[in-house]
Amino acid sequence: MNPIQNNPNDYKVVTFINKEAFAFTPDLGCMYDSRPIFGTSGASGIQPGESVMLPYHVGNLLALNLAKAAMTRRAPAVDQAGIPTGVPLWDEVKLGALKASYVTELYVEEKPAMVTETDRLMAKVEEYKAMVEKLIPKQEETAPSDPTKEPEKEPEKTDPATTGDTAPKAYQDKAEIIAELTKRGIKHDPRSTRDILKKLLVD
Numbered sequence: 024m025n026p027i028q029n030n031p032n033d034y035k036v037v038t039f040i041n042k043e044a045f046a047f048t049p050d051l052g053c054m055y056d057s058r059p060i061f062g063t064s065g066a067s068g069i070q071p072g073e074s075v076m077l078p079y080h081v082g083n084l085l086a087l088n089l090a091k092a093a094m095t096r097r098a099p100a101v102d103q104a105g106i107p108t109g110v111p112l113w114d115e116v117k118l119g120a121l122k123a124s125y126v127t128e129l130y131v132e133e134k135p136a137m138v139t140e141t142d143r144l145m146a147k148v149e150e151y152k153a154m155v156e157k158l159i160p161k162q163e164e165t166a167p168s169d170p171t172k173e174p175e176k177e178p179e180k181t182d183p184a185t186t187g188d189t190a191p192k193a194y195q196d197k198a199e200i201i202a203e204l205t206k207r208g209i210k211h212d213p214r215s216t217r218d219i220l221k222k223l224l225v226d
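Take any residue in the sequence shown, count from 1 to its spot, add 23: that is its number in this note's numbering.
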């Protein structure tokens, strides 16, 4: 099996501009592999003065087709008497120069990393696995409940103010402790350390 040879132009990006006074439509060759190319205006083909960013091979084919269309219009096949001139519509040098005037190379895209067929398939395995995990609910969420089992009751919350519970609260900083001492009317020196103030709440 012969290895695939990549064209050095495969990853180039170009700007194609229609510098002619007429619209470059699919019937004039504004297409690639029988697929029409449309500009940013949304109209059929690429309008006069309009530019589009294209892959190298697409842009150069459009440039060649536009050059042929332009030179055909500029070189009538008959003279003023209607007699065929026999002069070729274009030559390769003029055609190549006109074609080159329509395209400008912009940059080269990074070549994608080569992967083996096994790596590609295993990546698909992981992709489909993740897809299935999203679609199928977790077993815990769909497991049927046991009708004979009573639901667990949450412990009742008690209010220290009504139950007389004076268990110390886990205060995080000195400001909270001072606020609580003030609230309880306990005399204290705000300049004291956090541990000393906290001990007043416990005593």
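Note that beta-carbon positions come from the ideal geometry of N, C-alpha and C, so glycine has one too. Here the structure is a predicted model, which is why all the values come from computation and not from measurement.
{"Item": "Local Cβ density within 10 Å of Pro208, reported as buried at 16 or more and exposed below that", "Value": "In the sequence on display, residue 208 carries Gly and not Pro. Exposed, by the Cβ-count rule."}
{"Item": "Cut-off 6 angstroms between Cβ atoms - residues of its own chain near Ala90, not counting five sequence neighbours on either side", "Value": "Leu118, Leu121 and Lys122"}
{"Item": "Selection from Lys157, Gly52, Glu73 and Leu77 that minimises the alpha carbon distance to Ala44", "Value": "Glu73"}
{"Item": "Thr141, enclosing alpha helix (DSSP H) - first and last residue", "Value": "Glu140 to Leu158"}
{"Item": "Length of the line joining the Cα atoms of Ala46 and Gln70", "Value": "5 angstroms"}
{"Item": "Residues bridged to Glu128 [DSSP beta-bridge criterion]", "Value": "Val37"}
{"Item": "Classification of Asp218 by the beta-carbon crowding that lies within 10 angstroms, buried from 16 upward", "Value": "exposed"}
{"Item": "Rounded distance between the beta-carbons of Ala92 and Gly52, thought under 8 angstroms", "Value": "6 angstroms"}
{"Item": "Simplified DSSP assignment, three categories, for Ile106", "Value": "coil"}
{"Item": "Own chain partners of Thr95 with C-beta closer than 6 angstroms, once the 5 adjacent residues on each side are dropped", "Value": "Leu112"}
{"Item": "Exposure label - Asn88; buried when at least 16 CB within 10 Å", "Value": "buried"}
{"Item": "Residues near Leu220 in its chain [Cβ-Cβ closer than 7 angstroms; skip 5 each side]", "Value": "Lys197, Ile200, Ile201, Leu204 and His211"}
{"Item": "Alpha-carbon to alpha-carbon, Asn83 and Ser57", "Value": "15 angstroms"}
{"Item": "Per-residue burial, Tyr79 [other beta carbons within 10 Å of its own, 16 or more giving buried]", "Value": "buried"}
{"Item": "Supposed close pair Lys42, Ser124 - CB separation, criterion 8 angstroms", "Value": "7 angstroms"}
{"Item": "Check whether Phe39 and Ala98 have beta carbons under 8 angstroms apart", "Value": "no"}
{"Item": "Met137, enclosing alpha helix (DSSP H) - first and last residue", "Value": "Looking at the DSSP string, Met137 is not in any alpha helix (DSSP H), and its letter there is neither H nor E."}
{"Item": "First through last residue of the alpha helix (DSSP H) which encompasses Leu89", "Value": "Tyr79 to Arg97"}
{"Item": "Span separating the alpha-carbon of Thr48 from that of Asp33", "Value": "25 angstroms"}
{"Item": "Simplified DSSP assignment, three categories, for Thr189", "Value": "In this prediction, Thr189 scores a pLDDT of 48, lower than 50, which makes its location untrustworthy; no coordinate-derived value is stated."}
{"Item": "Val138 versus Ala146 - alpha carbon distance", "Value": "10 angstroms"}
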